[in-house]
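Each residue of the sequence shown is one higher than the one before, counting from 27 in the numbering used here. Comments concern the structure below.
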Amino acid sequence: MSPIGALLYGLWQTTSVQASNMALPPPDGAMIAAAEQELQRALGMQLPDQPKPYYVAYEFLDGEYATARARSGVLDAFNQDPYRSVRVEVRVGDYALDNSRYEGDFGEREGVSMRTLPHDPIPVALRREIWLATDEAYKGAAEQFSGKAAAREGRPVPAEPVGSFQPIDPVTTAVSRGAPIDGDATVARVRALSARITNIAGLENAEAIARDWSGTRIVVTSEGTRAWIPTGFSVVRVEGIVRTETGTRLRDCRWWVARTAAELPELDEMVAEVEAMTATLRAASTATEERDYLGPVIFEGAAAVELFRQLLPPEISGTPPAERAPDPYSEVDMAPLPTARIGRRLLPEGWTVLDDPAQAEGTAGHYERDFEGVEPQSVQLIEDGVLKKVLMSRIPRARTDGSTGHGRGLGMDAREAMPGAVQVRPSKAMSNQKLRKRALGLARQADLPYVLVVRRIEPPALAEDFEVAFTGDGPLAGLTRPLEVSRLYRDGREEVVPPTLGFVGVDRRVLRDIAGAGGPGDWVGVLDAPNGPRRFSIGSVGGLPAAWSVPSVVITELELRSLGGGQPRTLAPPGE
27 MSPIGALLYG LWQTTSVQAS NMALPPPDGA MIAAAEQELQ RALGMQLPDQ
77 PKPYYVAYEF LDGEYATARA RSGVLDAFNQ DPYRSVRVEV RVGDYALDNS
127 RYEGDFGERE GVSMRTLPHD PIPVALRREI WLATDEAYKG AAEQFSGKAA
177 AREGRPVPAE PVGSFQPIDP VTTAVSRGAP IDGDATVARV RALSARITNI
227 AGLENAEAIA RDWSGTRIVV TSEGTRAWIP TGFSVVRVEG IVRTETGTRL
277 RDCRWWVART AAELPELDEM VAEVEAMTAT LRAASTATEE RDYLGPVIFE
327 GAAAVELFRQ LLPPEISGTP PAERAPDPYS EVDMAPLPTA RIGRRLLPEG
377 WTVLDDPAQA EGTAGHYERD FEGVEPQSVQ LIEDGVLKKV LMSRIPRART
427 DGSTGHGRGL GMDAREAMPG AVQVRPSKAM SNQKLRKRAL GLARQADLPY
477 VLVVRRIEPP ALAEDFEVAF TGDGPLAGLT RPLEVSRLYR DGREEVVPPT
527 LGFVGVDRRV LRDIAGAGGP GDWVGVLDAP NGPRRFSIGS VGGLPAAWSV
577 PSVVITELEL RSLGGGQPRT LAPPGE
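Right, dumping it as structure tokens:
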């Protein structure tokens, strides 16, 4: 054996003994040992004329994933692999004022770095990656801190100074490991589901994609936290695309999100959902389009979930916006205002909103600790329609009491407050029949012979449109496109409407215009991200699991416009 090989083997043996003494699986023991050694070195780092770190955190992600995609029952892609990475966060300054929450000029670094880790638990290899990431994060933190200090020069001191980071007591948890992944079952799901989209004229895509992820988040910090946090989700998404004889493109989707594959619906139940989607697409392909509509709208089931989960999170997540460098082209240097404003009316009188991930077992939104190791609290966000409290991570906000255990984020992003398991409840619930009667009454007042019923809306992860507003533009949609719409007439008849409509000018204020609501809805799992554009770019099988339970509702008035168009294909599909 070479001298280097002997050294590596000896270090591996040492780490294995340490892991045994700590009652840790060998990979965990090696990562913890490497983290402890690099943590001590990191706290002594210092560039000339720059502060030392006061806080260093290593967030390991260790697990396994399987991703499969099939079209029309034929497997298109599959991979099943282990995944191991480390996210390093370094903060310089102190809890009152550090480098974080500052957005400088394009290209300026921040105090966070990530690297993938080797699968073999060899200490030298692990320490090397942690060392490189720590060095990069520290230099970024020092650069960011200097920029933040320079940006504050000349600005007035805030009337209510807010710290940069909330201290917590060290957290220690028991060791835990994720459940194994069944890749064969993942493949079987996408094959079976994609094969059920059939017998539709003009069918262009019948696709199913699924991902199972199971692992552990291991948090090691200079504050003394040593936490093993279970992580994982299982997602299945199905899409059907049809092009009509006139060239109009129609699209419909189904999706399921759970904490584990075992918590997904049975395959027969998902197949039935896909067959119902196929029937809806088939009917929509020959139905009469809705050109423009202004009037009451009923949101049922999955559409109601999307209505609330797209509009409410910015209003209930308390993480304040980051500071920014002064704009040299602006005459006024104003600090950004938080979107969530305690005391603002968001819903009609009597409505309540609660977020309680710890008590939502069996749903996609259940978790025992957030990414910072904090246990989630039950937060009564809205009472009598008015925002009373906000969700918080360890990023402080004026007049709040620290983290509520909702700090999560993707990759190198900050750990910001985001919903976990949200229950929306009206003051008075109507039966479905009375809810429809209420909507038809509003339609009659607007001289409309029918009311639109929306049953499904694109999740942000599946949205195909990206809007940017410029001065002089019309209002943005505010909601992603509806996928399933029907006309409900006064005599009870329903007609399928092709999914060629788009919302116009929707924002949080429409929630105050709810004219009626049904009973509590079932829990619906979603994949999401903290507020911002990232919610629309997580990909079809990316994001963080959450769950919502909301009632069906009728909104007094909304505007929808036709987004139809398109051209027929020049050639017929193969085989026709």
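Cβ coordinates follow ideal geometry from the N, Cα and C atoms, glycine included.
So residue i is in the beta strand (DSSP E); what residue range does that whole segment cover?
| i | result |
| --- | --- |
| tryptophan 282 | 275-284 |
| leucine 514 | 508-515 |
| serine 453 | Element bounds for serine 453: n/a, residue is neither H nor E. |
| threonine 378 | 378-381 |
| glutamate 520 | 520-523 |
| aspartate 195 | It is not in any beta strand (DSSP E) - aspartate 195 carries neither H nor E in the DSSP assignment. |
| glycine 528 | 527-530 |
In chain order, what residues of the same chain lie with their CB nearer than 6 Å to the CB of residue i, ignoring the 5 residues before and after it?
| i | result |
| --- | --- |
| valine 400 | Ser429, Gly431 |
| valine 264 | Leu219, Ala234, Arg280, Val300 |
| proline 452 | Trp377, Ala543, Pro577 |
| valine 494 | Confidence is the limiting factor: at valine 494 the pLDDT is only 45, short of 50, which leaves the residue's position unreliable, though a coordinate-based value still follows. Taken in chain order, the list of residues that qualify is empty. |
| glycine 411 | Arg371, Leu373, Pro374, Glu375, Trp377 |
| glutamate 332 | Ile483 |
| threonine 247 | Ala83 |
| arginine 516 | Leu466 |
| threonine 142 | Ser111 |
| threonine 257 | Gly241, Arg243 |
Quick one: residues in its chain with C-beta nearer than 8 Å to the C-beta of residue i, no 5 flanking neighbours on either side, listed in chain order?
| i | result |
| --- | --- |
| arginine 269 | Gly228, Glu230, Arg275, Leu276, Gly592, Pro594, Arg595 |
| arginine 395 | Val197, Thr199, Ala253, Ile255, Glu401, Pro402, Gly431 |
| threonine 224 | Ser98, Ala232, Thr304 |
| arginine 420 | Phe191, Gln192, Ile194, Glu398, Val400, Gly428, Ser429, Gly433, Arg441 |
| glycine 437 | Arg113, Met140 |
| leucine 37 | Confidence at leucine 37 is low in this model, with a pLDDT of 36, below 50, so the placement of that residue should be treated as unreliable; the coordinate-derived value is given next. Within the same chain, leucine 37 has close Cβ partners Ile148, Pro149, Val150. |
| glycine 119 | Pro77, Tyr80, Asn125, Phe171, Ser190 |
| leucine 505 | Glu332, Leu333, Gln336, Leu337, Ile483, Phe529, Val532 |
What residues in its chain sit with their C-beta under 7 Å from that of residue i, if we drop five residues either side in the sequence?
| i | result |
| --- | --- |
| alanine 313 | Glu521, Val522, Val523, Pro524 |
| threonine 582 | Pro322, Leu468, Asp539, Ala541 |
| glutamate 169 | Glu134, Arg135 |
| alanine 330 | Gly547, Val576, Pro577, Ser578, Val579 |
| proline 53 | Asp88, Pro147 |
| leucine 589 | Thr526, Leu527, Gly528 |
| glycine 569 | Ala487, Leu553, Asp554, Ala555 |
In the DSSP assignment, find the unbroken alpha helix (DSSP H) run with residue i in it and report its ends.
| i | result |
| --- | --- |
| methionine 140 | From DSSP, methionine 140 is part of no alpha helix (DSSP H) but of the beta strand (DSSP E) over 138-142. |
| proline 340 | 339-342 |
| proline 149 | 149-178 |
| alanine 555 | No alpha helix (DSSP H) contains alanine 555, which DSSP labels as neither H nor E. |
| threonine 582 | Run containing threonine 582: none in the alpha helix (DSSP H); it sits in the beta strand (DSSP E), 579-588. |
| phenylalanine 482 | The amino acid occupying residue 482 in the given sequence is arginine; phenylalanine does not appear at that position. Taken as a continuous stretch (DSSP letters only), arginine 482 belongs to no alpha helix (DSSP H), being part of the beta strand (DSSP E) at 476-483. |
| glycine 209 | 209-220 |
| alanine 543 | Alanine 543 -> not in any alpha helix (DSSP H); beta strand (DSSP E) instead, spanning 540-543. |
| valine 300 | 293-310 |
| leucine 461 | 458-471 |
Name the residue from the options whose alpha carbon lies nearest to the alpha carbon of residue i.
| i | options | result |
| --- | --- | --- |
| lysine 454 | Ala489, Thr526, Glu375, Ser419 | Glu375 |
| alanine 59 | Gly70, Ala103, Ile156 | Ile156 |
| aspartate 208 | Pro74, Gln106, Glu249, Ile267 | Gln106 |
| glutamine 66 | Pro79, Leu73, Pro74, Asp75 | Pro79 |
| alanine 83 | Ala163, Pro74, Thr142 | Ala163 |
| glutamate 316 | Gln336, Ala168, Val100, Glu585 | Glu585 |
| aspartate 278 | Asp161, Pro77, Leu527 | Leu527 |
| glutamate 90 | Ser260, Phe132, Val116, Leu73 | Ser260 |
| proline 364 | Leu123, Arg425, Arg561 | Arg425 |
| glutamate 341 | Ala487, Val416, Pro486, Ala61 | Val416 |
| valine 379 | Thr389, Leu413, Gly266, Gln385 | Leu413 |
| isoleucine 267 | Thr306, Gly180, Gly250, Thr257 | Thr306 |
| arginine 423 | Gln72, Asp294, Pro347, Phe132 | Pro347 |
| valine 567 | Asn557, Trp574, Gly551, Gly558 | Gly551 |
| arginine 462 | Pro571, Ala503, Phe325, Gly565 | Phe325 |
| aspartate 102 | Glu129, Val213, Tyr121, Val188 | Val213 |
| serine 512 | Arg154, Arg481, Glu490 | Arg481 |
| leucine 123 | Pro184, Ala92, Gln63 | Pro184 |
Name the one or two DSSP bridge partners that residue i has.
| i | result |
| --- | --- |
| threonine 93 | Asn105, Arg237 |
| valine 246 | Tyr84, Arg252 |
| leucine 79 | Per the sequence presented here, residue 79 reads as proline, with leucine not at that position. Proline 79 pairs with Val118. |
| glutamine 66 | Answer is none; glutamine 66 lacks a bridge partner. |
| tryptophan 574 | Val448, Val550 |
| glutamine 406 | Leu380 |
| arginine 434 | Glu442 |
| aspartate 318 | Arg587 |
| tyrosine 128 | Glu349 |
| threonine 257 | Gly241 |
| alanine 232 | Gly266 |
| arginine 113 | Glu85, Met140 |
| arginine 371 | Val412 |
| valine 100 | Arg97 |
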